[in-house]
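First the structure, in the form of structure tokens, and then the observations on it.
There are 2 protein chains.
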Amino acid sequence: MKLGQATIKDIAKELNVSLSTVSRALKNYPGISEDTKRKVKETAERLNYRPNAVALSLRQSRSFTIGVIIPEVVHFFFSTVISGIEEIAYANGYNVILCQTNEKYEREKSVLDTMLANQVDGLLVSFSKETKDFEHFTKLIALELPIVFFDRIPEIDDAVNVTVNDFQGAYNAVTHLLQEGYRKIAHISGPENLTITKQRKAGYLSALKDFDPSIAYSLIVECPSGNEEESFQLVKEIFQQPGEKPDALFAHHDMAAAGAMMALKSLGIRIPDEVGLVGYSNWQFSSMIDPPLSTVSQPGACIGETATKILLGMMNKTGNLEKEQRSVVLDTDLIIRKSSKR
Amino acid sequence: MKLGQATIKDIAKELNVSLSTVSRALKNYPGISEDTKRKVKETAERLNYRPNAVALSLRQSRSFTIGVIIPEVVHFFFSTVISGIEEIAYANGYNVILCQTNEKYEREKSVLDTMLANQVDGLLVSFSKETKDFEHFTKLIALELPIVFFDRIPEIDDAVNVTVNDFQGAYNAVTHLLQEGYRKIAHISGPENLTITKQRKAGYLSALKDFDPSIAYSLIVECPSGNEEESFQLVKEIFQQPGEKPDALFAHHDMAAAGAMMALKSLGIRIPDEVGLVGYSNWQFSSMIDPPLSTVSQPGACIGETATKILLGMMNKTGNLEKEQRSVVLDTDLIIRKSSKR
DNA sequence: TTGTAAGCGTTATCAT
DNA sequence: ATGATAACGCTTACAA
């Protein structure tokens with residue numbers, strides 16, 4: 000920015016005092032006469048002075064900036080997390096610089112570089128679907144750069160994580176389907192390498208077993224991209240094939256559930272009468288589709304807020320807390336709508 | 000960030016050369032022996048050197064950072080714009096710092112301050128619903144800070160704007176309804192002070208007039224918040240009241256259309272047979288609801304890309320182009336789905 | 001109560 | 001081909 004912004008130098012010149020006096024007066028340091036303070040502040044106001052955060056950052060080796068790395072803003076869930084992050088960050092005088100990876104590993108490494116070059120004080124990360132190697136993060140953790148992972152968490156030892164209890168969320172969803180009388184429940188699963196995928200899968204299987212050990216039917220359909228087209232195709236195939244068919248679907252994602260719903264409708268299968276359906280994430284559209292979709296709601300804003308609070312704690316303390324004291328698991332909320340009630 | 004990042008000083012010390020030599024070698028300046036260049040680069044690599052963008056920013060009075068101000072990331076439309084912005088920005092070596100106003104005027108002024116403090120080189124802005132006074136922007140424009148407004152554009156003279164042709168978008172949508180045989184079309188309108196609202200309203204009225212001047216029916220329902228609850232209530236009232244009722248609705252937004260759809264369904268009114276429905280924005284859910292919603296699609300990513308390209312142009316040229324040469328209006332795309340086809 | 005000067009990491013200018 | 005130095009805007013010992 001080249002606009003002739005006023006600096007403390009300008010104020011100092013104007014008043015014939017030294018730079019340090021101005022600096023101290025603006026910061027309300029002790030040992031400055033009320034008179035000088037007043038004059039400095041007036042002049043600052045008049046010249047429309049704004050402290051230069053860049054200079055500050057260089058001087059203090061702190062940028063008061065948090066880097067946020069997410070797969071994609073268009074995911075409703077992530078956009079709610081961002082809101083939570085910004086809320087807490089700004090309230091504490093921190094800026095947020097946001098980068099999307101577009102689910103690409105290479106992009107993830109590149110935005111990470113950008114963030115480091117910009118001297119972020121800490122990082123909030125939800126990594127890409129492609130990311131299987133976490134060295135780019137572990138290196139930084141070893142250097143004691145504060146990092147909090149949220150939603151998608153890595154399987155590395157000293158990571159600080161904020162997630163929802165995906166196991167329990169899935170467990171509750173499937174148990175609900177069972178209680179509604181569905182017995183042949185299939186699971187439309189997500190990208191394999193993500194912990195959330197594994198957790199939801201485990202919750203699904205566990206619910207089946209716990210409810211009635213004699214239930215023999217289970218089916219896991221891999222839907223790696225997780226978008227509605229893929230799900231649409233897969234579900235269509237399942238119901239067109241001869242043989243035993245599910246009477247309910249639990250999808251790892253509302254998008255996948257929406258695809259499934261369209262597939263079922265296109266085959267003339269009635270929801271929830273013939274096939275029950277539960278999704279995951281409570282996207283905006285879930286309550287608007289027909290029939291309204293039952294889903295597991297994740298507290299997005301709360302995840303963002305919690306992760307940011309923890310990060311702020313890590314950045315401002317020298318003594319490290321134990322990982323156990325910092326990692327947090329939040330509860331999900333099962334929202335029962337028409338698609339699973341018969 | 001306090002992690003002992005290597006600086007050019009460290010490299011210089013290691014090789015017993017001066018700072019300037021290192022700086023020049025890294026930048027491939029002429030007048031440095033190939034040998035030194037190689038050695039410097041090797042050492043940089045080995046020490047994991049990363050240029051400090053903050054120092055650079057201070058030195059060059061350029062931050063290579065673009066500030067983006069939007070109402071809310073959770074709006075699907077804005078999230079697509081963001082993707083477009085990031086794409087172009089990163090490709091040109093610029094960072095993006097993103098702030099939401101949450102549709103609040105005060106918040107808008109405060110994030111603007113933050114951005115200025117952080118020495119952004121330029122600004123991409125879509126202002127809040129509450130913003131009626133543009134002084135905070137005009138002041139900066141007068142100081143020659145490059146600003147490009149997108150989607151929501153201010154009525155000020157020297158602004159550079161990127162919008163879609165909302166008039167035409169609305170015009171096409173309403174004309175389509177007329178062609179399908181609907182004759183009593185009502186418009187669910189948005190926040191009054193936005194240009195987009197006025198344009199869509201005008202397009203609606205103009206289409207009615209142009210199609211058949213004898214059409215007497217028109218109805219504009221103000222829906223200032225624009226969310227689906229409000230729309231739901233308003234539409235329900237309209238259809239429950241005695242007297243003449245519309246046979247089609249053109250909503251300024253898919254969310255409002257979704258609310259209308261739910262209202263109609265709850266009253267047992269069939270879409271598209273009894274009442275036709277067209278929305279605006281082509282949100283993800285529009286194709287997934289029942290019946291699929293006809294809508295006017297805005298090229299979100301393209302808006303972001305275009306605005307960013309223009310901004311980059313403004314930032315890198317000293318001679319100012321004429322406003323007319325820089326402001327851009329993009330075309331919308333009418334997507335016809337079942338909700339308006341009878 | 002106020003001023004001086006060093007330094008954060010980098011580059012541009014002017015030597016050598 | 002390389003080095004020394006000032007400067008970007010600010011804070012903070014240390015001096016006065």
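If you read the sequences in order, they're chains A and B.
Counting along the first sequence from 1, when you hit position 315 you're at 314 in this note's numbering, and nothing is skipped either side.
Counting along the second sequence from 1, when you hit position 212 you're at 211 in this note's numbering, and nothing is skipped either side.
All C-beta atoms, glycine included, are put in the ideal place defined by N, C-alpha and C.
State the DSSP-derived secondary structure class of residue i, mapped to helix, strand or coil.
i: residue 214 of chain A; result: coil
i: residue 186 of chain A; result: strand
i: residue 236 of chain B; result: helix
i: residue 193 of chain B; result: coil
i: residue 303 of chain B; result: helix
i: residue 156 of chain B; result: coil
i: residue 274 of chain A; result: coil
i: residue 99 of chain A; result: strand
i: residue 83 of chain B; result: helix
i: residue 121 of chain B; result: strand
Could you tell me the distance, in whole angstroms, from the CA atom of residue i to the CA atom of residue j?
i: residue 45 of chain A; j: residue 19 of chain A; result: 19 Å
i: residue 140 of chain A; j: residue 146 of chain A; result: 7 Å
i: residue 43 of chain A; j: residue 111 of chain B; result: 18 Å
i: residue 10 of chain A; j: residue 39 of chain A; result: 7 Å
i: residue 95 of chain A; j: residue 68 of chain A; result: 10 Å
i: residue 172 of chain B; j: residue 325 of chain B; result: 28 Å
i: residue 233 of chain A; j: residue 222 of chain A; result: 8 Å
i: residue 16 of chain A; j: residue 3 of chain B; result: 36 Å
i: residue 251 of chain B; j: residue 191 of chain B; result: 11 Å
i: residue 290 of chain A; j: residue 279 of chain A; result: 15 Å
i: residue 304 of chain B; j: residue 97 of chain B; result: 15 Å
i: residue 282 of chain A; j: residue 151 of chain B; result: 25 Å
i: residue 56 of chain A; j: residue 335 of chain B; result: 52 Å
i: residue 60 of chain B; j: residue 28 of chain A; result: 28 Å
i: residue 99 of chain B; j: residue 102 of chain A; result: 23 Å
i: residue 313 of chain B; j: residue 271 of chain B; result: 47 Å
i: residue 90 of chain A; j: residue 106 of chain B; result: 12 Å
i: residue 137 of chain B; j: residue 155 of chain B; result: 8 Å
i: residue 277 of chain B; j: residue 337 of chain A; result: 25 Å
i: residue 76 of chain A; j: residue 241 of chain A; result: 37 Å
Would residue i pass as a contact of residue j if the rule is Cβ separation under 7 Å?
i: residue 164 of chain A; j: residue 332 of chain A; result: no
i: residue 206 of chain A; j: residue 170 of chain A; result: yes
i: residue 339 of chain B; j: residue 275 of chain B; result: yes
i: residue 114 of chain B; j: residue 66 of chain B; result: yes
i: residue 246 of chain A; j: residue 294 of chain A; result: no
i: residue 48 of chain A; j: residue 5 of chain A; result: yes
i: residue 119 of chain A; j: residue 64 of chain A; result: yes
i: residue 302 of chain A; j: residue 80 of chain A; result: yes
i: residue 306 of chain B; j: residue 161 of chain B; result: yes
i: residue 148 of chain A; j: residue 158 of chain A; result: yes
i: residue 358 of chain A; j: residue 210 of chain A; result: It is not possible to answer for residue 358 of chain A, since the shown part of chain A is limited to 0 through 341.
i: residue 72 of chain B; j: residue 72 of chain A; result: yes
i: residue 109 of chain A; j: residue 70 of chain A; result: no
Quick one: residues in its chain with C-beta nearer than 6 Å to the C-beta of residue i, no 5 flanking neighbours on either side, listed in chain order?
i: residue 186 of chain A; result: 203, 219 and 249
i: residue 258 of chain A; result: 227, 230 and 231
i: residue 354 of chain B; result: Outside the displayed span of chain B (0 to 341) sits residue 354 of chain B, for which this structure offers no information.
i: residue 166 of chain A; result: 198, 201 and 202
i: residue 285 of chain A; result: 253, 292 and 294
i: residue 33 of chain A; result: none
Can you give me the Cβ contacts of residue i inside the same chain, cut-off strictly under 8 Å, excluding the 5 residues immediately before and after it?
i: residue 244 of chain A; result: 183, 237 and 238
i: residue 261 of chain A; result: 227 and 231
i: residue 0 of chain A; result: Model confidence at residue 0 of chain A stands at a pLDDT of 46, short of 50, so the residue's coordinates are unreliable and nothing is read from them.
i: residue 135 of chain A; result: 107, 108 and 111
Just to confirm my understanding: we take residue i, look at its own chain, exclude 5 residues before and 5 after, and list those with CB closer than 7 Å. What are they?
i: residue 8 of chain B; result: 18
i: residue 21 of chain B; result: 7, 10, 11 and 39
i: residue 188 of chain A; result: 196, 200, 219, 220, 221, 222 and 251
i: residue 131 of chain A; result: 192
i: residue 308 of chain A; result: 87
i: residue 14 of chain A; result: 38, 39 and 42
Contacting positions in the stretch 222-243 of chain B - beta carbon closer than 8 Å to chain A: 227
Near-chain B residues of the stretch 41-55 of chain A (beta-carbon distance less than 7 Å), N- to C-terminal order: 49, 50, 51, 52, 53 and 54
Within 9 Å of chain B by C-beta, residues of the stretch 252-264 of chain A in sequence order: 254, 257, 258, 260, 261 and 264
Near-chain A residues of the stretch 163-177 of chain B - C-beta to any C-beta below 9 Å: none
Chain-ordered residues of the stretch 275-295 of chain A with a beta carbon less than 8 Å from chain B: 282, 283, 284, 287, 288 and 289
Members of the stretch 116-128 of chain A near chain B, C-beta cut-off 9 Å: 116, 117, 118, 119, 120 and 121
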